[in-house]
Every structure is written in C-alpha cells, then in structure tokens.
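J.: Position 24 of the sequence shown, counted from 1, bears residue number 35 in my numbering, the numbering being contiguous throughout. My questions all concern the structure below.
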Amino acid sequence: MKMINVYICALSVAVLALQVQQVATAESSTGECRIVKVDYERDCGEKSLDELETLKQGECAEIIVNAASCWNASGLQLEKDATYDIKTMAGDYWCDADTKCGADGWRIQDENYQSCNPEVEVEAATGIKRWLFLKSESIRRFPDADWFELIGVNAANDDISEFRIAKGIDDHQPVKSGEFCAYANDLSLFYWNNSKSLKITVRRTK
Ligand SMILES: [Ca+2]
C-alpha cells in the first residue's frame, strides 16, 4: 500500500512545484531552530542514514510541511534511543481544497467549517457527499487519523513507520533510526487540491 501511495502521490509533483516557490518566500524562521531544507518531491527514506542531518541533545530544527507534498522529506534523522518533541505553531493553517484547518485536521462531523477562500463558503457535507467522505475514511493514508491531521513518518528505505502528530507531541522515541518526514492525511489521489503549509519544530530532548 505504501508503494502505491508513493506512485500516486508522484502525480502531484507538477502542481506542487509552484506552491513550493510560494512557501520559500512566505515563511520566516522561528529564530532559535536551524532551518531544514525540505525536499518536497523526493520519497521519504531514500537517503542513507549517514547522508541525513542529526540533532544533538537540546538542538532543534524548523521544517515547513507543505500540504501538497506527499512526504516532505526533511533530510533529518530521528535516532533510535533519542527523544524528540515535535511542535506546531498556534494559528497556522493549511487548506484541503477550500476547507481551512490546523494541524489537527478536520472531521466530517465538524459544525464550524472555515474557508481558505473568502469568496467560497464551506459547509458541512450532506447527502451523497457526506456518505462518500465517510466511506473514504478507511482509505486515507492514515485511516485512524482525521482528514488533514499532521502525520509524522520515520523511514529507512521501505521500512516505514508513521505516527500521529496533530497539534504536537512530546517525548517521541523512535523504535529505529530513519528519516523524518511528515504529511497532511489525505487520499493519495487528492494532494493536487491541497495548499498552504505548516511550520513545525523538532527538538531533541534526550
Ligand atoms: Ca485534498
């Protein structure tokens, strides 16, 4: 299933190229963390561990996670036996088509939808549309997480583990060493209508 996701997501690359340029000029540094140069087109885990940056205890990295990128390959290694806090920024949002949400995503049961487009009002889906969304939940890349919830990835080649980040997590301890990547939880075929990005920080605490 993961490899199928990789191939399908690759179809979104052309759409993504323009958005990446926009990200590069729209974001600024948090100041205290070193900025990681994310590869928005490469698959997660392709680099060997010795090609990846690491964090010493107390150091942190700032990563821009683009909603339209399938992997947001950070080039940063999460090391086995280390511990990390992963944080998002209050008020940050990204867009699933016109639906606006934060790192904790959105749910079909939500009542107060917000729109990314001031000219388009987003309302809760009803009827067949609601049924389709509910039926599609089981084939999201991370079925148990909400739509557009921030998901973390730890990958070394095809050995991939994924975990929920949402608004942030403390004391994350990787079972194995691998590249850290992240994505907005979505259907593999529907990254083309995603936009905006979230700024996150990864800090090694132990
Ligand atoms: Ca989408």
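All C-beta atoms, glycine included, are put in the ideal place defined by N, C-alpha and C.
1) Any chance you could list the residues with Cβ under 5 angstroms from a heavy atom of ligand 1, keeping chain order?
2) Do the CB positions of Ile180 and Ile97 come within less than 7 angstroms of each other?
3) Between the alpha carbons of Val26 and Ala84, how many angstroms are there, rounded?
4) So Lys178 packs on Trp105, CB below 8 angstroms; how close in whole Å?
5) Report all residues from its chain with a CB closer than 6 angstroms to the CB of Asn168; omit the five preceding and five following residues, and keep chain order.
6) Residues bridged to Cys71 by DSSP?
7) Taking Thr110 as the reference, which of Asp54, Thr99, Pro129, Gly102 has the closest Cα?
8) Pull up the distance between the alpha-carbon of Gly163 and that of Phe191, whole angstroms please.
9) With respect to the alpha helix (DSSP H) encompassing Gly102, which residues constitute its N-terminal and C-terminal limits?
10) By how many angstroms is the C-alpha of Asp182 removed from the C-alpha of Cys127?
11) Here's the rule: buried if 16 or more other CB atoms are within 10 angstroms of the residue's CB, otherwise exposed. What is Asp170?
12) Can you give me the Cβ contacts of Arg141 inside the same chain, cut-off strictly under 7 angstroms, excluding the 5 residues immediately before and after it?
T.: On the basis of the coordinates in this document:
1) Asp107, Asp197, Phe201, Asn204, Asn205
2) yes
3) Residue placement at Val26 cannot be trusted, given a pLDDT of 48 that sits under 50; what the coordinates show is reported in the next sentence. Near 17 angstroms, if we compare the C-alpha coordinates of Ala84 and Val26.
4) That pair is no contact at about 13 angstroms.
5) Gly56
6) Arg214
7) Nearest of Asp54, Thr99, Pro129, Gly102 to Thr110, Cα basis: Pro129.
8) 7 angstroms
9) Per DSSP, Gly102 belongs to no alpha helix (DSSP H) and is neither H nor E.
10) 33 angstroms
11) exposed
12) If the five residues before and after Arg141 are omitted, its C-beta is found closer than 7 angstroms to the C-beta atoms of Ile119, all from its own chain and listed in chain order.
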